[in-house]
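Quick note: the sequence shown, position 178, residue 178 per UniProt numbering, numbers continuous.
Where a beta carbon is used, it is the ideal one built from N, C-alpha and C, also for glycine.
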Amino acid sequence: MGATTGEWSRLPVGRTELRQDAVLAGSLALGMATTVTLYGASGAYDDDQAAWWVSALMVLANTVPIAFRRRWPMSVLVVVALAFVGTALLHVPELFVVNFTLFIAIYTVGAWCSDRVRAEAVRWVVIGGMFAWLFLAIVFGWAVPTSLPNDGDAVIPPYIAYSLLNVLINVVYFGAAWYAGNRAWSAAVARHELDLRTAELTAERERSAAQAITLERVRIARELHDVVAHHVALMGVQAGAARRVLGRDPEQAATSLSVVEDSARTAVEELRRMLGTLRSHEPGDGPDDDAARTPVGAAPSTEGISRIAEVVEAARTAGHPADWSVVGEERPVPPTVAAVAFRVAQEAVTNVLKHAGNGARTDVRLRYLADAVEVEVTDDGRGGAQDTTGSSLGHVGMRERVAAVGGTVEIGPRARGGYLVRAWLPTT
């Protein structure tokens with residue numbers, strides 16, 4: 001017999017546990033051999049003592065199974081229980097160590113068997129058999145009136161007191177073995193569940209770290225898209241204008257090419273600034289690394305509301321009519337909100353340059369509300385045939401940025417023509 005494997009089992013055990021059990025069995029065997037010798041020399045059982053070889057066999061029968069107690073716990077309990085009974089019935093002079101071997105066997109079944117139903121059943125059978133044997137011994141003892149002195153004046157007759165004392169001792173003995181085994185099993189289950197939760201938390205941390213890396217990559221990609229798309233679109237418009245007037249108006253062509261050069265230089269500078277910021281926020285850069293790390297969706301501090309006017313001026317320089325207006329009383333806003341406002345305006349103006357046609361007029365408004373700022377970019381749709389192709393990544397980026405600061409955004413065509421981008425960004 002042994003413990004069956006359910007959802008979790010403490011068995012089988014390793015070599016360390018087996019060596020420990022072998023040492024325990026050897027110690028018990030040595031101790032029991034000593035006590036048998038001493039009990040025999042003291043005259044236990046008088047002339048009814050078992051022969052020396054019988055005593056030696058019973059010493060081995062009681063202790064050797066303990067070496068395998070965690071490999072086959074229920075089988076060991078049955079063998080040790082039978083050896084316990086045989087030790088008494090064969091008059092082997094031992095009344096001390098044999099109680100430890102039985103206690104250890106009962107404890108091991110409770111502490112190591114994952115099949116709790118069988119563990120309960122085997123222990124009940126063994127303990128029930130021990131109490132049946134005890135009660136039979138008490139009954140047969142009552143049949144011998146001279147076994148204990150008969151004191152008629154005692155409150156409790158001697159044999160009744162002796163019988164109750166034996167019952168009480170056995171209840172405490174078996175109850176302690178049962179309780180200790182169950183407590184050890186419960187503690188092992190608790191440790192196992194704690195290990196599982198620890199493993200789950202470790203896996204969750206790894207997943208969170210992987211997600212954070214993915215989000216950081218998305219943020220970097222969005223920043224690169226915003227920086228490159230705007231300036232490349234502007235350079236494309238200016239290069240086209242320079243090509244068209246190169247033969248008849250070299251001065252205007254030179255102006256357009258100068259804008260292309262400035263846009264390229266600005267794009268490179270912004271890319272260098274952004275990548276430098278990302279490198280400075282890499283883990284391990286310094287003791288203030290955690291405090292200095294830029295939040296997801298945030299941008300360098302120079303990219304604020306004050307730079308929206310630069311975007312409008314760049315559109316004008318590219319030959320697109322553009323208006324810029326501020327409604328309400330200007331006031332400081334959180335850096336993240338300012339960065340999102342700038343990026344939304346930049347992306348919306350870039351889309352006008354790329355898709356609305358050459359003659360489309362752009363209107364950029366910044367409104368300071370009581371608890372928010374509102375960025376609105378519209379075009380009149382009069383730029384001729386519009387290019388509606390695109391990846392829509394710019395729209396996705398705008399929505400993600402606005403959502404990151406708890407705002408809302410409206411993106412779509414207007415009823416009277418043109419396109420509208422309106423972002424509401426809370427400041428409190």
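Quiz item: Should the segment 54 to 63 be regarded as contacting the segment 8 to 20, the criterion being three or more beta carbon pairs within less than 8 Å?
Solution: no
Item to complete: Assign E251 to buried or exposed, taking buried as 16 or more other Cβ atoms, counted over all protein chains shown, within 10 Å of its Cβ.
Response: exposed
Practice task
Would you kindly work out how many angstroms separate the C-alpha atoms of residue 444 and T214, rounded to a whole number?
Solution key: As shown, the chain starts at 1 and ends at 428. That puts residue 444 outside it, with no answer to give.
Please look up how many angstroms separate the CB atoms of E374 and A423, rounded, as I've assumed it's under 8 Å.
7 Å
Exposed or buried, which one is W8 when buried takes at least 16 other CB atoms within 10 Å?
exposed
Looking at the strands, I want to know which residues DSSP matches up with D249. Paired residue(s): none; D249 is not in a bridge.
Subject >> Straight-line gap, P295 to R71 (C-alpha atoms, nearest Å) >> reply: In this prediction, P295 scores a pLDDT of 40, lower than 50, which makes its location untrustworthy; the coordinate-derived value is nonetheless stated afterwards. Distance between the alpha carbons of P295 and R71: 56 Å.
According to DSSP, is P93 helix, strand or coil? coil
Does the ligand ZN have a heavy atom nearer than 6 Å to the CB of G141? By its list of ligands, the structure shown contains no ligand whatsoever, and the ligand ZN lies outside what it can speak to.
Task: Pairwise C-alpha distance: R118 and A105 - done: 15 Å
Report task. In angstroms with no decimal places, state the Cα-to-Cα distance between P73 and S42. Result -> 35 Å
At the level of alpha carbons, what is the spacing between A132 and E193? 39 Å
Buried or exposed (CB count within 10 angstroms, at least 16 for buried), S186: exposed
According to DSSP, residues forming a beta bridge with P413
Y419
Quiz prompt | Neighbour-count burial assignment, A345, 16 or more Cβ in a 10 Å radius | solution = buried
inquiry  = On a Cα-Cα basis, can you pick out the residue from G141, L95, R367 that is closest to I305?
reply    = R367
Would the beta-carbon of R69 fall within 7 Å of that of V76? yes
- Query: Considering only residues of the same chain and omitting the five flanking positions on each side of L90, which have a CB-CB separation below 7 Å?
  - Reply: A50, V54, M58
Just to confirm my understanding: we take R331, look at its own chain, exclude 5 residues before and 5 after, and list those with CB closer than 7 Å. What are they? Y368
I66 and L24 - do their beta-carbons sit closer together than 7 Å?
yes
query = Per DSSP, which one or two residues make a beta bridge with Y367?
reply = The amino acid occupying residue 367 in the given sequence is Arg; Tyr does not appear at that position. Answer is V327, E374, bridged to R367.
query: Along the chain, where does the alpha helix (DSSP H) that runs through Q20 open and close?
result: 15 to 41
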